[in-house]
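If you count the sequence shown from 1, you need to add 11 to reach this note's numbering. The structure appears right after this line, and notes come after that.
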Amino acid sequence: MAGKKLSRRDRIKKGIRKRLTGSESRPRLSVYRSNKGIYAQIINDVT
Numbered sequence: 012m013a014g015k016k017l018s019r020r021d022r023i024k025k026g027i028r029k030r031l032t033g034s035e036s037r038p039r040l041s042v043y044r045s046n047k048g049i050y051a052q053i054i055n056d057v058t
């Protein structure tokens with residue numbers, strides 16, 4: 012049962028990552044908010 016649950020989680024993770032990959036024309040924006048400030052990164056997933 013644990014293996015079945017893990018594989019389902021991996022499928023969901025893979026589907027989300029497939030939709031959220033950044034390209035050269037439209038990179039991905041990652042935002043981190045802490046108590047002291049806001050940090051943003053622009054990430055290009057093309058290698």
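We put the CB at the ideal spot given by N, CA and C, even for glycine.
Contact belief for Gly33 with Ile54 at Cβ below 8 angstroms, rounded distance in angstroms: As a first step, residue 33 must be located in the sequence shown, where it is residue number 22. As a first step, residue 54 must be located in the sequence shown, where it is residue number 43. Contact flag correct, Cβ pair sits at about 5 angstroms.
Cα-Cα separation between Asp56 and Asn46, rounded to whole angstroms: Counted from its first residue, the sequence shown places residue 56 at position 45. Counted from its first residue, the sequence shown places residue 46 at position 35. Between Asp56 and Asn46, the C-alpha separation is close to 28 angstroms.
Euclidean distance between Cα positions of Arg20 and Ile27: Taking the first residue of the sequence shown as 1, we reach residue 20 at position 9. Taking the first residue of the sequence shown as 1, we reach residue 27 at position 16. Taking the straight line from one Cα to the other gives about 11 angstroms.
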